[in-house]
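Peer 1: Could you have a look at this structure, given as structure tokens, before my questions?
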Amino acid sequence: MIKICELAYRNPGMSVEDFQAHWLNKHGPIVARIPGIRRYVQCHPKLAGYKKGELACDGVAEIWVDDKEALRAMSQTAEFAAAKKDEPNFIDGNRLVELLTTETVIKDAPMPRDGVKSISLLKFKVGMDPAEAQAYWRDPHGLIAKKTETMRRYVQCHVRLGAYGKAEPPVVDGLAMAWFDSIDDMRLSAGTETYARIKADEINFLEPGRIGTILTEEHVIVG
27 MIKICELAYR NPGMSVEDFQ AHWLNKHGPI VARIPGIRRY VQCHPKLAGY
77 KKGELACDGV AEIWVDDKEA LRAMSQTAEF AAAKKDEPNF IDGNRLVELL
127 TTETVIKDAP MPRDGVKSIS LLKFKVGMDP AEAQAYWRDP HGLIAKKTET
177 MRRYVQCHVR LGAYGKAEPP VVDGLAMAWF DSIDDMRLSA GTETYARIKA
227 DEINFLEPGR IGTILTEEHV IVG
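Following the numbering used here, the numbering of the sequence shown begins with 27 at its first residue and continues without gaps.
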């Protein structure tokens, strides 16, 4: 299974509210008609997050497909073309980032209804082998993070290693996704010994100052 993660940015001059409304109500149904999609989720940043300025991105789309053959077949359909045609109506195409990832579930539990989903965009340490960094992220780091009591679910999305053979390396090496019942529960976790261990361990595989986190509301469109 391949999980496509798209980091979306709204068109210049477009309000966050209009961007999210178009994405959910107009673009979502168009994408939902594309054959071969197993699951499709939109992650919309909480509006309160913009009070301090722009975010790491304006949203993350997650699309699950069976394999690369399914992805190629999907990209040749009229439904896919319709979705791409709609993107300029709300997405800044010059900033759109598309990543093919492999999803690793570290802490498996039901996703809380009306909860908050934290998404962190990660960059590995400069000079560290991507395969080595991914292995470290899974274990031991993932097992440390798994112990966060108020965190319901925790998933790592690892950029597929084939992306590192291209001329330009991925702008993001992976996405960490964590679900909480509420923002209060998430904040509560930040004062724990486990959180301190997580932050202390990050320097072993992540580039300092290169973590961008958004707090989002999850909208399941397909699946």
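Cβ atoms here follow ideal geometry from the backbone N, Cα and C, with glycine treated the same way.
Over the uninterrupted beta strand (DSSP E) stretch that includes glycine 85, give me the two end residues.
Peer 2: From DSSP, the beta strand (DSSP E) with glycine 85 extends over 85–91.
Peer 1: Does DSSP put valine 185 in a helix, in a strand, or in coil?
Peer 2: Correct three-state label for valine 185: strand.
Peer 1: If we count Cβ pairs, one from each stretch, closer than 8 Å, do we get three or more for the stretch 37–56 versus the stretch 211–231?
Peer 2: With a cut-off of 8 Å, the stretch 211–231 and the stretch 37–56 do not count as touching, because too few Cβ pairs lie within range.
Peer 1: Checking the sheet assignment: what are the DSSP bridge partners for phenylalanine 150?
Peer 2: Beta-bridge pairing links phenylalanine 150 to Leu232.
Peer 1: Within 10 Å of its beta-carbon, does arginine 98 have 16 or more other beta-carbons around it, so buried, or fewer, so exposed?
Peer 2: So arginine 98 ends up on the exposed side.
Peer 1: Is threonine 220 helix, strand or coil by DSSP?
Peer 2: Threonine 220 falls in the helix class under three-state DSSP.
Peer 1: Does alanine 58 come out as helix, strand or coil in the three-state DSSP assignment?
Peer 2: Residue state, collapsed to three classes: helix.
Peer 1: Less than 8 Å between the CB atoms is what I'm expecting for lysine 148 and valine 197, so what's the real figure, rounded?
Peer 2: Strictly speaking, residue 148 in this sequence is leucine, with lysine absent from that position. So it is not a contact: roughly 11 Å between Cβ atoms.
Peer 1: Given a threshold of 16 other Cβ atoms within 10 Å of its Cβ, counted over all protein chains shown, does valine 152 qualify as buried or as exposed?
Peer 2: Burial call: exposed.
Peer 1: When the Cα of tryptophan 205 is compared with those of Trp163, His48, Ser144 and Ile229, which residue comes out closest?
Peer 2: Taking only the C-alpha atoms, the option nearest tryptophan 205 is Ser144.
Peer 1: From threonine 20 to leucine 214, what does the alpha carbon distance come to, in whole angstroms?
Peer 2: Shown here, the chain extends from 27 to 249; a query on residue 20 therefore has no answer.
Peer 1: Please give the ranges of any beta strand (DSSP E) in the stretch 95–160, keeping only runs that are unbroken, at least 3 residues long and fully inside the region.
Peer 2: Counting only runs of 3 or more, we get 123–133 and 142–148.
Peer 1: At what residues does the beta strand (DSSP E) containing glutamate 175 begin and finish?
Peer 2: Taken as a continuous stretch (DSSP letters only), glutamate 175 belongs to no beta strand (DSSP E), as it is neither H nor E.
Peer 1: With three or more C-beta pairs closer than 8 Å as the rule, is the stretch 97–117 touching the stretch 161–170?
Peer 2: These segments do not touch.
Peer 1: What is the DSSP secondary structure of valine 248, counted as helix, strand or coil?
Peer 2: Strand.
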